[in-house]
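Residues in the sequence shown are numbered from 1 upward in steps of one, following this note's numbering. Here is the structure we will look at, set down as structure tokens.
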Amino acid sequence: MEKNISADDFCRFIWKSYLEDRRYDLVSEFVSDKISVIGTGAHEVERNLQEFIDKFTEESHEWTGHFVIREQWYQTTELSRTHSLVMGELVAREDADEGILYDMCFRFTVVLEQSENGWKIVHIHQSVADPNQASDEFFPHHMVEQTHTQIVYNLRHDSLTGLLNRLYFRETCERFLAEGNRGAFLIMDIDWFKKINEQYGNPVGD
Numbered sequence: 001m002e003k004n005i006s007a008d009d010f011c012r013f014i015w016k017s018y019l020e021d022r023r024y025d026l027v028s029e030f031v032s033d034k035i036s037v038i039g040t041g042a043h044e045v046e047r048n049l050q051e052f053i054d055k056f057t058e059e060s061h062e063w064t065g066h067f068v069i070r071e072q073w074y075q076t077t078e079l080s081r082t083h084s085l086v087m088g089e090l091v092a093r094e095d096a097d098e099g100i101l102y103d104m105c106f107r108f109t110v111v112l113e114q115s116e117n118g119w120k121i122v123h124i125h126q127s128v129a130d131p132n133q134a135s136d137e138f139f140p141h142h143m144v145e146q147t148h149t150q151i152v153y154n155l156r157h158d159s160l161t162g163l164l165n166r167l168y169f170r171e172t173c174e175r176f177l178a179e180g181n182r183g184a185f186l187i188m189d190i191d192w193f194k195k196i197n198e199q200y201g202n203p204v205g206d
């Protein structure tokens, strides 16, 4: 590789080598001794070179597939004379002969350090966009509100009929009476309904 390659092109080379070519042998050449990584998985945090090598080695033994990069973009910010930050996004699909194809889309920031021998990776941070967060939100509060409303409804209503369940019906009646309101309710019963369930099954009874 050329020593004077741009930070953008270096990252393009690294992601292609890792995802498409499965070049696990590039660690010693392009990874700094100060490497740290935050991945997309909850367990994917490597705080130093040894943790990174252990994880990289484990992955190379347990996973034999590779990806095809379908879309990508990069943007570089120079942090100093020797350091640059590259941010971007990758869309890739697993190139599998059998099994379920896996589509992957993630954003990343990579901190690079340049020396006489070229670029080395100091830090990688990957993230996945939350599809529930709208463009006008700082966090997905519309989704949270909708989920909260649905949970409250499910706690208070019978899933089959949509009527108030026993607990919330009792609470509603007690509150209604405590406020001095007047009202009426209707109780219905079906004779020998147990026989319907026994003969035709509960789904028919429902």
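Cβ coordinates follow ideal geometry from the N, Cα and C atoms, glycine included.
- Cβ contact annotation for residue 45 (same chain, cutoff 6 Å, sequence separation greater than five): 38, in chain order.
- Here the stretch 142 to 149 does not lie against the stretch 56 to 63, with fewer than 3 beta-carbon pairs under 8 Å apart.
- Residue 92 counts as buried, since at least 16 other C-beta atoms from the protein chains shown sit within 10 angstroms of its C-beta.
- Exposure of residue 152 is indicated by the presence of fewer than 16 other C-beta atoms within 10 angstroms of its C-beta.
- Rounded to whole angstroms, the gap between the alpha carbons of residue 13 and residue 31 is 13 Å.
- An exposed status is given to residue 200, since fewer than 16 other beta-carbon atoms sit within 10 Å of its beta-carbon.
- Residue state for residue 63 is assigned as coil, using DSSP reduced to three classes.
- Counting C-beta atoms within 10 angstroms of its own C-beta, residue 187 has fewer than 16 neighbours from the protein chains shown and is therefore classed as exposed.
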